[in-house]
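Working notes, structure below.
Numbering (this note's numbering), first residue to last: 125 to 248.
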């Protein structure tokens with residue numbers, strides 16, 4: 125890869141806070157301070173837990189205590205929703221080439237509320 129390529133390891137966008145941690149933790153917030161050019165990143169847990177894609181589990185835990193019949197009851201995002209857009213946009217948060225518009229994403233919001241996806245081109 126050419127050193128001028130934006131994906132070269134030496135470029136500013138190729139650090140863990142910008143590229144890796146958001147999709148490999150649950151509840152990630154980048155907390156970038158532009159004035160100091162530093163990160164104060166925080167996350168709820170390492171790895172991709174249920175809440176990373178489905179949202180907060182508080183309602184799910186209430187459902188679990190009642191021993192309901194549905195496996196994912198109570199989560200903010202149901203990936204078995206009949207609307208395929210929900211699944212596609214949830215997965216695309218990590219499985220697409222995109223630029224963040226803010227400090228992480230909000231479960232249940234539309235993809236383009238939090239990211240600017242790259243369109244397919246010959247180079248991509």
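All C-beta atoms, glycine included, are put in the ideal place defined by N, C-alpha and C. Keep in mind it's a predicted model, so treat the numbers as computed, not measured.
Counterpart residues of residue i in DSSP-defined beta bridges
i           : result
residue 223 : 240
residue 163 : 156
residue 209 : Answer is none; residue 209 lacks a bridge partner.
residue 169 : 150
For residue j and residue i, the rounded distance between their alpha carbons
i           : j           : result
residue 212 : residue 180 : 19 Å
residue 129 : residue 190 : 54 Å
residue 143 : residue 153 : 13 Å
residue 225 : residue 188 : 35 Å
residue 138 : residue 168 : 23 Å
residue 125 : residue 131 : 8 Å
Run of the alpha helix (DSSP H) containing residue i, from where it starts to where it stops
i           : result
residue 183 : 182–190
residue 148 : 145–148
residue 140 : Residue 140 -> no alpha helix (DSSP H), and no H or E assigned at all.
residue 177 : 174–178
Assumed close pair residue i, residue j - CB separation to whole angstroms, cut-off 8 Å
i           : j           : result
residue 227 : residue 155 : 7 Å
(Q) Quick test of the definition: if touching needs 3 or more C-beta pairs under 8 Å, does the region 238–247 touch the region 210–220? (A) yes
(Q) Below 8 Å, how does it come out for the region 134–152 and the region 163–179: are there three or more Cβ pairs, yes or no? (A) yes
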